[in-house]
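There are 2 protein chains.
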Amino acid sequence: MGSLTEENYIKSIYALSEATGEVYVSELAKKLEVKLPSVNSMVKRLATKKLVAYAPYKGIKLTEKGKKEALAIIRKHRLAELFLVKVMGLGWEEVHDIAEQLEHVNSSRFYERIDELLNRPKFDPHGEPIPDSNGKIHNQQRTSLIHLEEGLTATITAVTEDEKSFLDHLNAKGLQIGDAVTIKKRELFDGSITLLHKSKKEILLTHQVAERIWVEV
Amino acid sequence: MGSLTEENYIKSIYALSEATGEVYVSELAKKLEVKLPSVNSMVKRLATKKLVAYAPYKGIKLTEKGKKEALAIIRKHRLAELFLVKVMGLGWEEVHDIAEQLEHVNSSRFYERIDELLNRPKFDPHGEPIPDSNGKIHNQQRTSLIHLEEGLTATITAVTEDEKSFLDHLNAKGLQIGDAVTIKKRELFDGSITLLHKSKKEILLTHQVAERIWVEV
DNA sequence: ATAAATTGTTAGACGACTCTAATATTTTAA
DNA sequence: TTAAAATATTAGAGTCGTCTAACAATTTAT
């Protein structure tokens with residue numbers, strides 16, 4: 005096992021490189037809130053440990069070994085989040101920071117037990133998939149709310165989890181994972197969307213918010 | 005909050021100085037499994053932070069500030085242990101190492117919720133008292149098994165928690181916190197003790213084991 | 001296609017924590 | 001009461017992870 009810092013680098017590299025397969029030093033520096041030279045020297049260390057592939061002035065890529073480690077941490081993070089919500093009764097908007105700490109707990113017994121208690125769950129409270137103990141992710145169909153036609157009905161399956169304030173916003177609007185919503189109106193000029201919710205209420209979402217909500221039709 | 009390392013020093017200083025009010029550098033080095041100079045320099049750092057009072061070649065004492073920090077960590081450790089046993093269903097002999105990690109989690113919400121779920125418990129699974137959120141310890145009457153006269157009956161309230169192997173040993177003998185036992189025979193020549201247990205079985209304990217079992221008469 | 005802007009790297013230093021080797025103090029026992 | 005044993009400290013170095021300042025490569029836009 006690597007250090008706490010190392011685990012955080014690996015996790016961030018995974019998250020930021022998911023789309024394109026690689027990350028740049030500056031993106032990583034921004035995400036981790038450290039300066040460029042810090043990232044540069046850490047990435048070199050990770051490279052000597054064969055956790056990333058890296059050539060100066062080129063992007064950073066996780067090796068298979070690095071990916072495996074990243075998925076193990078993500079698994080722990082997501083299991084912890086679900087545990088905090090389901091077993092401990094905390095709100096989905098307040099568990100992220102605690103899970104950031106619990107994800108570094110080194111105890112297969114602890115996580116095996118959580119997995120068991122939650123009945124081998126596939127998704128965390130934000131709808132993100134939980135990798136299994138081999139790092140395999142059970143994927144789901146994903147469309148962003150902003151891509152739905154007017155009149156269509158869909159179920160919210162996930163949200164992009166970045167800041168607590170975003171989750172607070174959804175809570176305030178009364179939206180939850182699993183809720184069914186119908187697109188009532190899409191405003192072309194600003195991209196905002198009006199939803200019809202199971203609570204019979206109409207909910208107005210800005211484009212910025214809607215694009216971070218994932219649904220299954 | 006201090007670093008993880010700092011927290012571990014504070015906790016060990018508290019544990020080792022409980023009896024006499026002070027610890028020596030060498031004892032601390034042994035407990036923490038580091039060399040003497042490491043302890044020496046760390047203790048100096050803790051002294052500049054006003055967490056310990058220290059004069060070269062003299063013992064190390066926690067300041068009020070240090071004690072407060074120690075008790076906060078101990079509270080988290082013991083709450084975590086009880087939580088792992090009661091809520092997560094792990095065995096009392098396997099929770100110590102996990103609690104060693106959970107005790108460093110920085111989240112009042114997390115621990116407040118555990119405290120609530122466990123109904124503000126006063127003792128951990130090993131019978132050790134859990135300090136309240138102000139660091140106050142609810143003390144209990146404590147006598148070691150080896151000080152009981154033959155014929156007396158008492159309830160096991162705690163055990164000295166040092167090594168997993170000791171707890172495994174008690175498990176194997178069928179002894180648990182809360183069990184009532186009667187002293188059947190005390191052997192003078194080797195200090196061993198024969199107990200009568202609620203299970204009607206006779207249990208033989210060596211002096212070494214018996215002195216680490218605490219009872220209430 | 002070259003200058004400006006952006007992005008990345010190197011050099012060197014610092015704090016936290018550890019170590020080994022050398023030295024000093026305190027305790028114990030002859 | 002002094003020599004030996006036990007205990008503690010200092011000096012100096014190494015690793016991890018961070019920083020600032022200076023420089024180098026790459027991209028972009030004129």
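Read top to bottom, the protein sequences are chains A and B.
In this text, residue positions in the first sequence follow the working numbering: the first is 5, and each later residue adds one.
In this text, residue positions in the second sequence follow the working numbering: the first is 5, and each later residue adds one.
Backbone N, C-alpha and C fix where the C-beta goes; we use that ideal spot for every residue, glycine too.
Note that the coordinates shown come from a computational prediction; the quantities given were computed from them, not determined experimentally.
| query | result |
| --- | --- |
| If you measure between the beta carbons of H151 (chain B) and W96 (chain B), is that distance less than 8 Å? | no |
| Output, in sequence order along the chain, the residues in the region 32-59 of chain B whose CB is closer than 9 Å to any CB in chain A. | none |
| Whose C-alpha, out of A:H100, A:L200, A:L66 and A:K34, is nearest the C-alpha of V185 (chain A)? | A:L200 |
| Cβ of D172 (chain A) within 7 Å of any heavy atom in the ligand FMN? | The ligand FMN is absent from the structure shown, which contains no ligands of any kind. |
| Using a Cβ-Cβ distance cut-off of 8 Å, determine whether D263 (chain A) contacts chain B. | Residue 263 (chain A) lies beyond the range of chain A shown here (5 to 221); nothing can be said about it. |
| Cα-Cα, which of A:T210, A:A158 and A:S169 is closest to W218 (chain A)? | A:A158 |
| When the Cα atoms are used, what is the spatial distance from V29 (chain B) to L40 (chain B)? | 7 Å |
| Rounded to the nearest angstrom, what separates I160 (chain B) and F87 (chain B) at their Cα positions? | 21 Å |
| Report yes or no: is there a C-beta of chain A within less than 8 Å of the C-beta of M92 (chain B)? | yes |
| Would you verify that the beta carbon of N138 (chain B) is, or is not, closer than 8 Å to some beta carbon of chain A? | no |
| Is there a Cβ of chain B sitting closer than 8 Å to that of L106 (chain A), yes or no? | yes |
| Quick check: the Cα distance between V38 (chain B) and G70 (chain B), rounded to an integer number of angstroms? | 21 Å |
| Where does V99 (chain A) fall in DSSP's three states? | coil |
| The alpha helix (DSSP H) spanning V43 (chain A) covers which residue range? | L40 to T52 |
| For I64 (chain A), name the three-state secondary structure that DSSP assigns. | strand |
| Decide if the region 14-27 of chain A is in contact with the region 59-74 of chain A; the criterion is three or more beta carbon pairs, one per stretch, under 8 Å apart. | yes |
| Note the first and the last residue of the continuous beta strand (DSSP E) segment covering I17 (chain B). | Note, I17 (chain B): premise wrong, no beta strand (DSSP E); alpha helix (DSSP H) at L8 to S21. |
| Looking at C-alpha atoms only, which residue of B:N44, B:A23 and B:P60 is the closest neighbour of A33 (chain B)? | B:N44 |
| Check for me: the alpha helix (DSSP H) holding H134 (chain B) runs from which residue to which? | Checking the sequence shown, residue 134 (chain B) turns out to be Ile, not His. Where I134 (chain B) is concerned, there is no enclosing alpha helix (DSSP H), given that its DSSP letter is neither H nor E. |
| Using 8 Å for Cβ pairs, my map puts A76 (chain B) next to G139 (chain B). What's the rounded Cβ distance? | 7 Å |
| Can you list the residues of chain B that S111 (chain A) reaches, using a CB-CB cut of under 8 Å? | D101, I102 and Q105 |
| Starting from the N-terminal side, write out each stretch of the beta strand (DSSP E) that is 3 residues or longer and does not extend beyond the region 168-214 of chain A. | 184-190, 197-201 and 206-209 |
| With a threshold of 7 Å on Cβ separation, who are the neighbours of N143 (chain A) within its own chain once the five nearest residues in sequence on each side are excluded? | P133 |
| Just the Cα atoms here: how many angstroms apart are K188 (chain B) and P125 (chain B)? | 33 Å |
| Among the candidates B:V213, B:S111, B:V27 and B:K168, whose CA atom is the shortest distance from the CA of A57 (chain B)? | B:V27 |
| Along the region 148-174 of chain A, where does the CB come closer than 7 Å to a CB of chain B? Name the residues. | none |
| Using a Cβ-Cβ cut-off of less than 8 Å, give me the residues of the region 113-129 of chain A that come near chain B, in sequence order. | R113, F114, R117, I118 and L121 |
| In whole angstroms, give me the CA-to-CA distance for S112 (chain A) and N123 (chain A). | 16 Å |
| Excluding sequence positions up to five away, which residues of its chain have a Cβ less than 8 Å from the Cβ of K202 (chain A)? | D183, A184 and V185 |
| Please compile the residues from chain B whose C-beta is within a distance smaller than 8 Å of the C-beta of E98 (chain A). | R113 |
| To which residues does DSSP link V222 (chain B) through a beta bridge? | Only positions 5 to 221 of chain B appear in the structure, and residue 222 (chain B) is not among them; the question remains open. |
| Assuming L208 (chain B) contacts S196 (chain B) under a Cβ cut-off of 8 Å, what Cβ separation, rounded to an integer in Å, is found between them? | 6 Å |
| If you reduce the DSSP assignment to three classes, tell me which class I141 (chain A) lands in. | coil |
| Can you list, in chain order, the residues of its chain with a C-beta nearer than 6 Å to that of L94 (chain B)? Leave out the 5 residues immediately preceding and following it. | L88 |
| The beta strand (DSSP E) spanning I217 (chain A) covers which residue range? | I217 to E220 |
| What residue does the alpha helix (DSSP H) around I160 (chain B) start on, and which one ends it? | Here I160 (chain B) belongs to no alpha helix (DSSP H); instead the beta strand (DSSP E) covers T157 to V163. |
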